[in-house]
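See below for the structure under consideration.
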Amino acid sequence: MIFLSSDIEVRTLEKLIGAIEEIKNGLDPEILARWYQAVEADAKTISPDALRESIAVIRDPVITLKFEFKASRRVVPYVIKAIDRNLPLMPFATGLYFQKLKEMMELEEFRQRYK
119 MIFLSSDIEV RTLEKLIGAI EEIKNGLDPE ILARWYQAVE ADAKTISPDA LRESIAVIRD
179 PVITLKFEFK ASRRVVPYVI KAIDRNLPLM PFATGLYFQK LKEMMELEEF RQRYK
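Numbering (this note's numbering), first residue to last: 119 to 233.
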């Protein structure tokens, strides 16, 4: 009986270690950069031609975990849609990061609309 309990404990610990590794990897600057590029490309694909050039991701060369997502107010709904389309494909921590970015964009859009 002790062996069974110990085996379950080991498997649980292995799952926890795996989850922690996934979270750690999901916030890696290179992984975030790839997802920013994916969201940027998707947003440009689904937005009207006239608005595509108003979408840009700028990565800080010194602080590699710092990104700036530039988008005109008219293109923000397409960026939000691109984030939504990519969220299910992202690692857990990366998804949380982009959900927060989406919330910030929605809040700013709301503030601008109801000024």
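Every residue, glycine too, gets a C-beta built ideally from N, C-alpha and C.
Please read all numbers here as calculations on a predicted model, not as lab measurements.
Three-way DSSP call (helix, strand, coil) for residue i in this model
i    : result
L175 : Note that residue 175 corresponds to Val in the displayed sequence, not to Leu. Residue state, collapsed to three classes: strand.
K184 : coil
E221 : helix
Cutoff 7 Å; reference residue i; Cβ partners in own chain excluding five residues on either side
i    : result
I198 : K220, M223 and E224
R177 : A151 and F185
Distance between beta carbons of residue j and residue i, contact taken as under 8 Å
i    : j    : result
R203 : D160 : 6 Å
Close Cβ partners of residue i (< 6 Å) along its chain, the five nearest in sequence each way excluded
i    : result
P147 : T182 and L183
V63  : Given that the chain is displayed from residue 119 to residue 233, the structure contains no residue 63 and the question cannot be resolved.
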